[in-house]
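Trainee: Residue numbers for the sequence shown follow our numbering, so the first one is 1345 and each next one is one higher.
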Amino acid sequence: MHRCQRWLSAGLVVCVAGVAFGQDAVTAGETGLANVTDRFVVDNLWLLISTALVFIMHLGFASLESGLTQAKNTVNILFKNTAIVAIGLITYLIIGFNLMYPGEAWTVSNWLGAFSFGASPAHDGSGMTPDYAGYTYWSDFIFQAMFAATAATIVSGAVAERIKLGPFLVFSTLYVAIVYPIIGSWKWGGGWLADRGFYDFAGSTLVHSVGGWGALAGVIVLGPRIGKYLVNEEGKCQIRPLLGHSMPLAAIGVFLLWFGWFGFNGGSVLSADPGDPSDGNWYGFGGVSLVFVTTSIAAAAGIIGAMFTSWIVQAKPDLSMALNGALAGLVGITAGADVIRVEWAVVIGLIAGVVVVLSVIGLDRLRLDDPVGAISVHLVCGIWGTLAVGLFADDARMTQLDTEGVGVGTFGDQLIGVLATGAVAFPAALIFFLILRFTVGLRVSRDEELGGLDFGEHAMEAYGGFQVFPDH
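Here it is in structure tokens:
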């Protein structure tokens, strides 16, 4: 009897322990699932917040471009920047997204994406579950779509104050729908540049240089604004400044862009991961926290570099140069914001600030009229930032990223990426502009340019009740 009681007691203990263990296992499983789901929600939310920040950048571009150009063209500037956002979103939805991210549906393997229309998640829900990615299909789409419009916005500033509205919108549509996504697919879509190990974290080349090449083509085809370059009695060219009408507006634009860049670069992490030191990544490479720091440090260094360079070269500190210095630093760090140490971010930003001033002055001497310095900021500094990855990226981190053993972010591969982008983007933009020039016309009339595009193109004025004095 006692023996039976002892066996019964032992059995009860085992049963209770088993139930308790089962409950712990269920609880642990539920906790793990909850952690995965919570992480998915947080990462997806961060991507959407970053999308909103990138959207704010378009207001920054509009403000900067308006401030650095003449008052008589303000409505035209604002209209172009408004239309570009709409064109970018719609064209990216219709064709751009699938062309840039074709998955397995390449038209020409690793070179040309899918010419399919519309955007729709896969029927199996891939890309929309926590075990696949940290964000939904639609979050990814809207984030990438905001990037797409940026390339055309860059072109807008360079061709400001003399281009017809209609032809510019046609160019923007073609450039955003075809050129930008094709080049982007080479790296971000898993194309041939990705296979080579080319590294461009958030788009120094794939976004900014693409826009910069388009800007350069537009400036060459259009020619300078009337009165910008004058020939004196000795036959020498004199550069006449056509000053912007509102430096406060330009400054607001730059700070809005800087603010938006936290989403531009920070969102490109594609998660809210701050960087986990437990896996040996004690510096936080690839994490949002480091990206925020390198982004801001490079911008600050860019201001310092541009400020002192303009002070030395022009004998006086130039606010417009300092503002462009901030943007130069931001563009310069964008290619490697997640793989570069903070001290090297200072160097990259500082050099970008120096380069942007010298580039603006050099382009003026070549009679390439860029009212806002878009070519210098986005093309020249975009190239610099891309090459800087090959010089300053952390070796250990790049080795960690090199899962295929091809070498990631080497200087040679970065140079190939820069050259390949220019070899496609510049000729394509040049062809688009030339076709428009010799068909529907590209440049407004002399009277319209002198009187201002606000009246000539829109029959409106930006500052009602104030007299705007046109140049004659």
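Cβ coordinates follow ideal geometry from the N, Cα and C atoms, glycine included.
#1: Exposed or buried, what is K1660 when buried is set at 16 or more other beta-carbons lying within 10 Å of its beta-carbon?
#2: Just checking, does the region 1717-1732 make contact with the region 1547-1558 on the three C-beta pairs under 8 Å criterion?
#3: Going by beta carbon distance, what residues of the same chain come within less than 6 Å of A1718, once the five residues before and after it are set aside?
#4: Across which residues does DSSP place R1787 in a beta bridge pair?
#5: Where does I1684 fall in DSSP's three states?
#6: State the Cα-Cα distance for the pair S1590 and L1509, rounded to the nearest angstrom.
#7: At which residues does the alpha helix (DSSP H) containing L1422 begin and terminate?
#8: Suppose the cutoff is 7 Å on Cβ atoms and the five residues either side in sequence are ignored; what does the same chain contact list for L1759 look like?
#9: Express the C-alpha separation of N1420 and G1680 in angstroms, rounding to a whole number.
#10: So what does DSSP say about Y1573, is it helix, strand or coil?
#11: Apart from the five residues on each side of it in sequence, which residues of its chain come closer than 8 Å, Cβ to Cβ, to V1675?
#12: Counting pairs of Cβ atoms below 8 Å between the region 1627-1640 and the region 1606-1616, do you hit three or more?
#13: Please classify M1401 as buried or exposed, where buried requires at least 16 neighbouring CB atoms within 10 angstroms.
#14: Can you determine whether any heavy atom of the ligand MG sits closer than 6 Å to the C-beta of L1397, and answer yes or no?
#15: Going by C-alpha to C-alpha distance, which of F1384, H1802, I1779, G1751 sits closest to Y1481?
#16: Looking at the structure shown, is G1366 part of a helix, part of a strand, or coil, going by DSSP?
#17: In terms of residue numbering, what span does the alpha helix (DSSP H) encompassing I1583 cover?
#18: Classify V1452 as helix, strand or coil using the three-state DSSP reduction.
#19: Quick check on L1389: buried or exposed, where buried means 16 or more other Cβ atoms within 10 Å of its Cβ?
#20: Out of V1752, T1418, T1426, G1785, state which residue places its alpha-carbon closest to the alpha-carbon of A1842.
#21: Can you have a look at G1734 and say buried or exposed, based on whether 16 or more other CB atoms are within 10 angstroms of its CB?
#22: So, helix, strand or coil for A1458, using DSSP?
#23: Helix, strand or coil, according to DSSP, for A1806 in the structure here?
#24: Using the three-state DSSP reduction, which class does A1737 fall into: helix, strand or coil?
#25: State the Cα-Cα distance for the pair A1595 and H1802, rounded to the nearest angstrom.
#26: Can you tell me which of the three DSSP states Q1414 falls into?
#27: So, with DSSP's three-state summary, where would you put W1602?
#28: In the DSSP assignment, find the unbroken alpha helix (DSSP H) run with K1531 in it and report its ends.
#29: Given F1755, which residues of its chain have a CB within under 7 Å of its CB, disregarding the five upstream and five downstream residues?
#30: Checking 7 Å against the spacing of the C-beta atoms, do G1619 and G1631 come in under that value?
#31: With a cut-off of 8 Å on the beta carbons, I'd call L1550 and I1527 a contact; round off their distance for me.
#32: Assess contact between the region 1774-1787 and the region 1514-1524, defined as three or more Cβ pairs (one per stretch) separated by less than 8 Å. Is contact present?
#33: In this structure, does DSSP put V1311 in helix, strand or coil?
#34: Please list, in chain order, all residues of the same chain as L1518 whose beta carbon is under 6 Å from its beta carbon, the five residues on each side excluded.
#35: Do L1710 and P1511 have their beta-carbon atoms positioned less than 7 Å apart in this structure?
#36: What are the boundary residues of the alpha helix (DSSP H) that includes V1613?
Mentor: Well, looking at it:
#1: Start at 1 with the first residue of the sequence shown, and residue 1660 comes out as number 316. With fewer than 16 other Cβ atoms within 10 Å, it is exposed.
#2: Enough Cβ pairs lie closer than 8 Å, so yes.
#3: The residue labelled residue 1718 in the question sits at position 374 within the sequence shown. For A1718, where only same-chain residues beyond five positions count, the Cβ hits under 6 Å are I1498, G1501, A1502, A1559.
#4: What you label residue 1787 is simply residue 443 of the sequence shown in a count that begins at 1. In the DSSP output, where bridge partners are listed per residue, R1787 has I1507.
#5: Within the sequence shown, residue 1684 is the residue found at index 340, counting from 1. Of the three classes helix, strand and coil, the one that applies to I1684 here is strand, per DSSP.
#6: Here residue 1590 is taken as the residue at index 246 of the sequence shown, counted from 1. Here residue 1509 is taken as the residue at index 165 of the sequence shown, counted from 1. Rounded to whole angstroms, S1590 to L1509 spans 22 Å at the Cα level.
#7: Residue mapping note: residue 1422 aligns to position 78 of the sequence shown, counting from 1. Residues 1418-1435.
#8: Locating residue 1759 in the sequence shown gives position 415, counting from the first residue. Excluding residues within five positions, the ones whose Cβ falls inside 7 Å are L1731.
#9: Numbered from its first residue, the sequence shown carries residue 1680 at position 336. Numbered from its first residue, the sequence shown carries residue 1420 at position 76. G1680 and N1420: Cα-Cα distance of roughly 35 Å.
#10: Within the sequence shown, residue 1573 is the residue found at index 229, counting from 1. Of the three classes helix, strand and coil, the one that applies to Y1573 here is strand, per DSSP.
#11: If you number the sequence shown from 1, residue 1675 lands on position 331. Excluding sequence neighbours, V1675 sits near S1548, H1552, A1696, V1721, H1722, C1725, G1726, G1729.
#12: yes
#13: The residue labelled residue 1401 in the question sits at position 57 within the sequence shown. Result: buried.
#14: You won't find the ligand MG in this model; it holds no ligand whatsoever.
#15: To locate residue 1481, count along the sequence shown from 1; it is residue 137. Out of F1384, H1802, I1779, G1751, F1384 has the C-alpha closest to the C-alpha of Y1481.
#16: Locating residue 1366 in the sequence shown gives position 22, counting from the first residue. With a pLDDT of 46 at G1366, under the threshold of 50, the modelled position of this residue cannot be trusted; read the value that follows with caution. In the structure shown, G1366 sits in a helix (DSSP, three-state: H, G or I).
#17: Position 239 of the sequence shown, counted from the start, is the residue given in the question as residue 1583. No alpha helix (DSSP H) contains I1583, which is instead part of the beta strand (DSSP E) from 1581-1583.
#18: Walking along the sequence shown from the start, residue 1452 turns up at place 108. Strand at V1452.
#19: Position 45 of the sequence shown, counted from the first residue, corresponds to residue 1389. It counts as exposed.
#20: Only positions 1345 to 1816 of the chain appear in this structure, which leaves residue 1842 out of reach.
#21: Against the sequence shown, residue 1734 aligns to sequence position 390. That one is buried.
#22: Sequence index remark: in the sequence shown, residue 1458 carries index 114 (1-based). Coil.
#23: Counting from 1 along the sequence shown, the entry for residue 1806 is found at position 462. Here A1806 sits in coil by DSSP.
#24: For the purposes of this step, residue 1737 is identified with residue 393 of the sequence shown, where counting begins at 1. A1737: strand per DSSP, three-state reduction.
#25: Within the sequence shown, numbered from 1, the residue matching residue 1595 stands at position 251. Within the sequence shown, numbered from 1, the residue matching residue 1802 stands at position 458. Each residue's alpha carbon lies about 26 Å from the other.
#26: Looking up residue 1414 in the sequence shown gives position 70. Note: Q1414 maps to coil in three-state DSSP.
#27: By 1-based counting over the sequence shown, the position of residue 1602 is 258. Three-state DSSP puts W1602 in a helix.
#28: Counted from its first residue, the sequence shown places residue 1531 at position 187. Where K1531 is concerned, the enclosing alpha helix (DSSP H) stretches over 1524-1531.
#29: Position 411 of the sequence shown, counting from 1, holds the residue named residue 1755. L1731, G1734, L1735.
#30: The residue labelled residue 1619 in the question sits at position 275 within the sequence shown. The residue labelled residue 1631 in the question sits at position 287 within the sequence shown. Yes.
#31: In the sequence shown, the residue the question calls residue 1550 occupies position 206. In the sequence shown, the residue the question calls residue 1527 occupies position 183. The pair is a contact, with the Cβ atoms about 6 Å apart (cut-off 8 Å).
#32: yes
#33: Only positions 1345 to 1816 of the chain appear in this structure, which leaves residue 1311 out of reach.
#34: Here residue 1518 refers to the residue found at position 174 of the sequence shown. Same-chain partners within the cutoff: F1776.
#35: Here residue 1511 refers to the residue found at position 167 of the sequence shown. Here residue 1710 refers to the residue found at position 366 of the sequence shown. Contact flag unset, no.
#36: On the sequence shown, position 269 is the one that residue 1613 refers to. Neither: V1613 is in no alpha helix (DSSP H) and is coded neither H nor E.
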